[in-house]
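Asks:
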Amino acid sequence: MISNPRTAVVVGAIALGLVSIPGYPKEMIKATLLKNSTIQLDTDRVKAGSVTFDVSNAADTGMTHEFVVVKTDLAADKLPVENGKVPENQFKKIGEVEDIAPGTSKHMTLKLAPGHYVLFCNRPGHYSMGLHASLLVTP
Ligand SMILES: [Cu+2]
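In terms of the working numbering, the sequence shown opens at residue 113 and continues consecutively.
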């Protein structure tokens, strides 16, 4: 069907989602929840549109985490806390991944409009421990 081996490789890569096709912007963010109670992002800004979060909980954290995405102009460390948790109903919640065991990862794809977002873990006490990060989505 495809005689040129190089073409076959490229077509295969597109099928696997390894190569982005012009006209179909696709953003990917790798987020890692670390033992020192921080969320490390491999990038803190992406273009608006379809954004895939690859969320990993480091093996040595020893605790299950979750990953919540809200759209807010507040700084990442300035969200309100009630009884150890951020009151999610006060925010425009965009998405959430729950129950990420140590040493595992989960992913989700969200449609993000331009603006400022805060990503955090909302297990009791975890936000206040420092598990939050800021994300800027540009037009
Ligand atoms: Cu947590």
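Here a beta-carbon is modelled for each residue, glycine too, at the ideal position from N, C-alpha and C. Small disclaimer: the values here were computed from a predicted structure and weren't measured.
Between which two residues does the alpha helix (DSSP H) harbouring VAL240 extend?
Replies: Your numbering for residue 240 matches position 128 in the sequence shown. Just to set this straight, residue 240 is Ser in the shown sequence, not Val. Counting along the chain, the alpha helix (DSSP H) containing SER240 begins and ends at 238 to 241.
Asks: With respect to the beta strand (DSSP E) encompassing ARG235, which residues constitute its N-terminal and C-terminal limits?
Replies: Within the sequence shown, the letter at position 123 stands for residue 235. That residue, ARG235, is in no beta strand (DSSP E); it is neither H nor E in DSSP.
Asks: So if I measure from each beta-carbon to every heavy atom of ligand 1 and keep distances below 6 Å, which residues remain?
Replies: This selection yields HIS177, CYS233, ARG235, HIS238, LEU243.
Asks: Would the beta-carbon of SER217 fall within 8 Å of that of ASP166?
Replies: For the purposes of this step, residue 217 is taken as residue 105 along the sequence shown, with counting starting at 1. For the purposes of this step, residue 166 is taken as residue 54 along the sequence shown, with counting starting at 1. In contact: SER217 and ASP166 (Cβ atoms closer than 8 Å).
Asks: Going by beta carbon distance, what residues of the same chain come within less than 6 Å of PHE203, once the five residues before and after it are set aside?
Replies: The count along the sequence shown starts at 1 and reaches residue 203 at position 91. Around PHE203: VAL182, THR184.
Asks: For ALA170, which of helix, strand or coil comes out of DSSP?
Replies: The residue given as residue 170 occupies position 58 in the sequence shown. Of the three classes helix, strand and coil, the one that applies to ALA170 here is coil, per DSSP.
Asks: Can at least three beta-carbon pairs, one atom from the region 239 to 251 and one from the region 184 to 194, be found at a separation below 8 Å?
Replies: Judged by Cβ distances under 8 Å, the region 239 to 251 makes contact with the region 184 to 194, as three or more pairs qualify.
Asks: Cβ atoms of LYS205 and PRO236: under 8 Å apart, would you say?
Replies: Translated into positions along the sequence shown, residue 236 becomes position 124. Translated into positions along the sequence shown, residue 205 becomes position 93. No, the Cβ-Cβ distance between PRO236 and LYS205 is not below 8 Å.
Asks: With distances taken from CA atoms, which of MET175, ALA225, VAL163 is nearest GLY215?
Replies: What you label residue 215 is simply residue 103 of the sequence shown in a count that begins at 1. Looking at the Cα atoms, MET175 is the closest of the given residues.
Asks: Here's a check: name, in chain order, each residue in its chain whose Cβ is nearer than 7 Å to the Cβ of VAL209, leaving out the five neighbours to either side.
Replies: Start at 1 with the first residue of the sequence shown, and residue 209 comes out as number 97. If we look at VAL209 and ignore the five residues flanking it on each side, its Cβ neighbours are VAL167, GLU178, PHE179, LYS218, MET220.
Asks: Nearest-angstrom Cα distance between LYS238 and LYS159?
Replies: As a working note, residue 238 is residue 126 in the sequence shown. As a working note, residue 159 is residue 47 in the sequence shown. Going by the sequence as given, residue 238 is His instead of Lys. Between HIS238 and LYS159, the C-alpha separation is close to 28 Å.
Asks: In the DSSP assignment, the beta strand (DSSP E) including GLY207 goes from what residue to what residue?
Replies: By one-based count along the sequence shown, residue 207 stands at place 95. Counting along the chain, the beta strand (DSSP E) containing GLY207 begins and ends at 204 to 212.
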